[in-house]
Structures are given as structure tokens and as C-alpha cells.
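What follows is a single structure, written as C-alpha cells, with notes after it.
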Amino acid sequence: MASGIMPDQLYGTVRVNDAVIEIIEVLEEQPWGARSCPPHTHAWFECNYIYEGSMKTGFGGPLLNVGAGEFFLVPAGAEHRHEYLPESPHRGVCLRWTVAPAEPAAGGGAGSVYAALERLREWQLGCYEDRFGLGERIIRLFEEAREAHSLASVQLTFVQILLAIAAVRHPEGRIAPAAADQSDTAFLRKIEVYLNDERAEKMNVRRLADALHVSYNHLARKYKRLTGKTIVGRLTEIRLARALDLLQRTDASIGAIAEVSGFGAAHYFSRVFKEVYGVSPKTYRQALPGQT
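The sequence shown: position 178 = 178 (full-length UniProt numbering), numbered continuously.
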């Protein structure tokens with residue numbers, strides 16, 4: 001059984017070839033007293049491995065039982081929920097991470113680490129028996145951290161676990177039953193998760209469509225029908241809200257705020273900001289209380 005406390009230094013970003021992996025969390029799980037975790041989504045990938053006991057998990061449809069020596073992977077944006085045995089909880093490990101290209105044009109070629117990990121967005125939801133040595137790799141991750149191996153070695157072991165999962169092309173297991181109702185609410189929730197992901201400064205709606213496995217035209221039409229807004233307009237609202245917060249809380253330059261909030265060019269940011277608020281970002285900041 002993998003156990004121990006991971007050093008805080010493990011968490012953060014590590015570059016491997018053309019990919020930048022952010023290691024968010026390595027969590028030992030034994031949820032005493034908990035009965036369930038309601039339907040939710042998140043902007044990172046998650047892999048849950050069960051060493052002892054069992055739990056139930058679902059992806060919009062009926063729950064699947066997940067037992068010892070089994071695992072399930074949750075792609076970013078996938079809605080899921082869990083049920084536990086409060087008096088006899090499972091013991092397992094949860095890995096959480098994100099992946100981004102190291103360079104704007106990176107990914108896709110032979111041997112691309114980014115392309116391999118990005119394909120996990122298309123992972124077939126379900127519960128799978130570990131026939132790939134994942135449990136042993138996770139144990140080794142904890143052992144290396146406990147024995148004070150170099151930080152780089154521990155981080156690379158984490159990445160090797162991800163690549164081992166990505167190398168599984170056709171896993172055999174219990175495929176998650178289709179949701180009885182792929183509700184419009186769930187569709188909109190997934191969109192909000194992606195658009196509000198602060199790590200996705202360069203997020204655009206075509207990349208979002210790819211992540212949701214639909215065409216851009218289908219995404220745009222459905223979003224407009226459900227909300228009365230364009231999805232580009234919603235993305236602009238989120239970026240403006242982020243920019244407003246930065247203008248109020250920081251002394252970062254207008255150019256830096258434009259970049260961080262997703263607008264890119266400062267002149268484009270200023271034009272959109274003025275169209276909505278009637279003043280430029282600079283004038284807005286100067287009018288804030290305490291500004292001279």
C-alpha cells in the first residue's frame with residue numbers, strides 16, 4: 001500500500017520534452033465518515049487507484065463498484081461523483097495534474113509527450129483492473145519521496161505513471177454506462193469549468209470544442225440556444241472579470257494584465273474594456289479609491 005506524505009517541493013511544474021506537466025496533488029485517501037461526493041467537475045486530470053476496500057464512482061450514469069487493484073481516470077471537465085462506506089472506507093491514492101505545451105506550436109509529432117498526455121481527454125470512462133503495473137509505480141513514487149531521492153527523480157516517476165496510463169490504448173474493464181440524460185445543465189457546467197480555468201490563459205473556443213469532442217459550429221449553436229449569448233461573448237466576460245480583479249488588486253502593467261487575463265495584446269484589451277465600461281483600463285485604475 002502506498003503511504004506517506006509527499007514533500008511540498010514535489011508540486012509545481014516540470015518540463016518533459018514538449019510538455020509542461022503541473023503536479024497538483026498526490027493524495028492518500030481513506031475517507032472515514034464520508035458517505036458521498038456529489039456530482040462535480042474540475043479543470044485538472046485525476047487518477048484514482050484503490051489498494052484496499054472498495055468505493056463507487058459514476059460519470060453521469062449508474063455507479064460502478066471500484067475494488068482493490070482497480071483504478072479510474074477522470075479527464076478534465078468530466079462530471080463524476082462518488083459513494084463511500086463511511087465505517088469501512090477504501091484506501092487508495094489520488095493523482096491530480098494538468099498538461100500544457102511547452103511551446104505554442106508544440107505537440108503532435110512522433111514521440112510527443114504533450115500529445116500522448118493530451119489524448120487522455122479522450123479516455124474511455126470506466127473502472128479498470130490494473131494490468132499495467134500502475135500500483136507498483138505509485139508505491140515506488142512514495143518510496144522515492146520517503147527515501148529523499150532527488151526532487152527531479154520523484155517528479156519524473158510521477159510523469160512515468162502518467163505516460164504508462166497514456167500508453168494503454170484499449171483497456172479492458174467495466175465501461176461507464178451512458179448517462180440517462182446528457183443534460184444541458186451538465187453541458188453548460190463543463191463549458192464554465194473550461195472557460196474559468198485560470199491556467200488556460202490561451203484558451204479559445206475552438207480548443208474548447210476539441211476538448212468537448214464536438215465541432216465548433218455545434219458548440220456555438222447549442223450555447224447560443226441555451227443561454228442567449230455567444231460563447232465568444234461569455235469568454236470575453238470571464239476575461240474582463242479577471243482583468244478587473246487584477247486592476248483592483250495589483251499594480252501590474254496594462255500589458256501584463258492583458259496577457260494574464262487572456263487578451264494578449266494591450267491595445268485589443270484596452271479597446272474591449274472601453275467598449276464595455278466606457279473608460280480605458282488606465283483611467284479605470286486611476287479612478288479607484290486610494291489612487292493618485
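Don't be surprised by glycine CBs; every beta carbon is placed ideally from N, CA and C.
None of these values were measured; they are calculated from a predicted model.
Residue j beta carbon less than 7 Å from that of residue i
i           : j           : result
residue 196 : residue 254 : no
residue 27  : residue 127 : no
residue 47  : residue 85  : no
residue 17  : residue 154 : no
residue 99  : residue 152 : no
residue 23  : residue 97  : yes
residue 305 : residue 193 : What is shown of the chain runs 1 to 292, which leaves residue 305 out entirely.
residue 59  : residue 80  : yes
residue 174 : residue 63  : no
Buried versus exposed call for residue i [16 or more other C-beta atoms within 10 Å across all chains shown]
i           : result
residue 77  : buried
residue 290 : exposed
residue 181 : Model confidence at residue 181 stands at a pLDDT of 46, short of 50, so the residue's coordinates are unreliable and nothing is read from them.
residue 215 : exposed
residue 276 : exposed
residue 278 : exposed
residue 122 : exposed
residue 270 : buried
residue 232 : exposed
residue 75  : buried
Integer Cβ distance of residue i from residue j, believed to fall under 8 Å
i           : j           : result
residue 288 : residue 226 : With a Cβ gap of about 36 Å, residue 288 and residue 226 do not count as contacting.
residue 256 : residue 264 : Wrong, their Cβ atoms sit about 12 Å apart, outside the cutoff.
residue 244 : residue 252 : Actually they are not in contact, since the Cβ atoms of residue 244 and residue 252 sit about 13 Å apart, beyond 8 Å.
Determine contact between the region 79-93 and the region 5-22, defined as no fewer than three beta-carbon pairs at a distance below 8 Å. With the rule of 3 Cβ pairs closer than 8 Å, the region 79-93 does not count as touching the region 5-22.
Whether or not the region 128-140 and the region 161-176 are in contact is what I'm after, with contact meaning three or more pairs of Cβ atoms, one per stretch, closer than 8 Å; do they touch? Cβ pair count under 8 Å is three or more, so yes.
Ordered list of alpha helix (DSSP H) runs contained in the region 24-57, each at least 4 residues: Within the region 24-57, no complete alpha helix (DSSP H) run reaches 4 residues.
Let me know the alpha helix (DSSP H) ranges lying completely inside the UniProt domain "HTH araC/xylS-type" (189-287), each 4 residues or longer, listed in chain order. Correct list: 205-211, 216-227, 231-249, 254-260, 266-277 and 281-286.
Could you name each continuous alpha helix (DSSP H) segment of 4 residues or more that falls completely within the region 97-142, going from the start of the chain to the end? Every alpha helix (DSSP H) stretch that sits fully inside the region 97-142 and reaches 4 residues is listed by chain position as 113-118.
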